[in-house]
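Take the working numbering: the final residue in the sequence shown is number 452, and no numbers are missing along the way.
Just so it is clear, CB atoms sit at the ideal spot from N, CA and C, and this is done for glycine as well.
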Amino acid sequence: MNTQALEELGLSQGEIKVYLALLKLGDVKVGEVIENSGMASSAVHNSINALVEKGLISYIKRGKIKHYKAINPKHLIDFLEIKKEKLISIIPELESTQKSSDDRQEAEIFEGKKGVISMLNILIENVSKRDKYLYFSLNINQFNEDIQEFFSRYDAKRQEKGIIVQGLASEEVKKHMKIRKNIKMKFTKLPIPEGIAIVDDKVAIFSWGEKPVGYLIESKQISEMYANLFYRILDSK
Numbered sequence: 216m217n218t219q220a221l222e223e224l225g226l227s228q229g230e231i232k233v234y235l236a237l238l239k240l241g242d243v244k245v246g247e248v249i250e251n252s253g254m255a256s257s258a259v260h261n262s263i264n265a266l267v268e269k270g271l272i273s274y275i276k277r278g279k280i281k282h283y284k285a286i287n288p289k290h291l292i293d294f295l296e297i298k299k300e301k302l303i304s305i306i307p308e309l310e311s312t313q314k315s316s317d318d319r320q321e322a323e324i325f326e327g328k329k330g331v332i333s334m335l336n337i338l339i340e341n342v343s344k345r346d347k348y349l350y351f352s353l354n355i356n357q358f359n360e361d362i363q364e365f366f367s368r369y370d371a372k373r374q375e376k377g378i379i380v381q382g383l384a385s386e387e388v389k390k391h392m393k394i395r396k397n398i399k400m401k402f403t404k405l406p407i408p409e410g411i412a413i414v415d416d417k418v419a420i421f422s423w424g425e426k427p428v429g430y431l432i433e434s435k436q437i438s439e440m441y442a443n444l445f446y447r448i449l450d451s452k
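Written out as structure tokens, the structure is:
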């Protein structure tokens, strides 16, 4: 079983093993969990205590002995909502401790697929309706199902915000762009930079290759430089 989703909920490997064991075994004593999970007794007890605290398992006493039971997997959504509410509650405090824009660095680095996705979402989080999103497409070698799936959702998000999206891409990626909607595209045989997006004073430069990485630059001078290059190519014949 793929347990990545449980890991992303914040569960340790031990907690996942215990939770899955209880799902399979039902209402049992801790000894059966130890035997089924293959974990040390102390590790099982620690994981059980953590899962009880998180509300993911419950227990009843029969005599003096506790019998443990995993909650219905459907209620994992409730656990996620609780985590979300806790996070929302501390956002004002986190924002109040964030450095002012005068102090922050002009460039940030984002690593991994999730990092690049976060960067692209940050790029459009404060845009206004009718703001422009200019971009130079990725090259043909970086197009895959992950990219297509993400940008389908990203297109919808940009459309919802009322952003005007204009793109430049090489002729060879044209077949991959047919399913993309609400985007003004120009395909060119001219050499162009790749994986660059410009919004207001921000420029995102990213690669979605074997090791995805992104650079988010906040600079009026650099954004104008790339925007001017974009329009020169866009207006060329």
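Neighbour flag for residue 271 against chain D, beta carbons, 8 Å | The question asks about chain D, but that chain is absent: this structure has only one protein chain.
Measure the Cβ-Cβ separation of residue 285 and residue 272 and say whether it is below 8 Å.
-> The answer is yes: Cβ separation under 8 Å.
Between the beta-carbon of residue 429 and the beta-carbon of residue 442, is there less than 8 Å?
-> No, they are not a contact pair.
Considering only the beta carbon of each residue, do residue 266 and residue 233 sit closer than 8 Å?
-> Their beta carbons are under 8 Å apart, which means residue 266 touches residue 233 by this criterion.
Would you mind stating whether residue 379 and residue 407 have Cβ atoms separated by less than 8 Å?
-> No, the Cβ-Cβ distance between residue 379 and residue 407 is not below 8 Å.
In whole angstroms, what separates the C-alpha of residue 269 from that of residue 290?
-> Cα-Cα distance, rounded: 12 Å.
For residue 311, which three-state DSSP category applies?
-> Residue state, collapsed to three classes: helix.
Alpha carbon to alpha carbon, what distance is there between residue 438 and residue 252?
-> So the two alpha carbons sit approximately 55 Å from each other.
What is the DSSP secondary structure of residue 320, reduced to helix, strand or coil?
-> Annotation note: pLDDT 49 at residue 320 (below 50); position unreliable, coordinate value reported separately. Three-state result, residue 320: coil.
Span separating the alpha-carbon of residue 357 from that of residue 337 = About 22 Å.
Local conformation of residue 252 per DSSP, three classes | Residue 252 sits in a helix when the DSSP states are folded into three classes.
From this set, 328, 347 and 343, which residue's C-alpha is nearest residue 446's C-alpha?
-> That would be 347, whose Cα lies nearest to the Cα of residue 446.
Assuming residue 344 contacts residue 372 under a Cβ cut-off of 8 Å, what Cβ separation, rounded to an integer in Å, is found between them?
-> The Cβ separation is near 13 Å, so there is no contact.
Opening and closing residue of the beta strand (DSSP E) in which residue 381 lies | Counting along the chain, the beta strand (DSSP E) containing residue 381 begins and ends at 379-385.
When DSSP labels each residue in this structure, what does residue 269 get in the three-state scheme?
-> Helix.
For residue 366 versus residue 431, is the C-beta spacing smaller than 8 Å?
-> In this structure, residue 431 does not lie closer than 8 Å to residue 366 by Cβ.
How is residue 367 classed by DSSP in three states: helix, strand or coil?
-> Residue 367: helix per DSSP, three-state reduction.
Own chain residues within Cβ distance below 6 Å of residue 386, not counting five before or after | Within its own chain, the residues whose Cβ lies closer than 6 Å to the Cβ of residue 386, once the five positions on either side in sequence are excluded, are 402 and 404, listed in chain order.
For residue 432, which three-state DSSP category applies?
-> The DSSP-derived three-state label of residue 432 is strand.
Helix, strand or coil for residue 305, going by three-state DSSP, please let me know.
-> Helix.
Would you list the one or two residues that DSSP bridges to residue 282?
-> 275.
According to the Cβ coordinates, are residue 349 and residue 381 closer than 8 Å?
-> Yes, Cβ-Cβ distance for residue 349 and residue 381 is below 8 Å.
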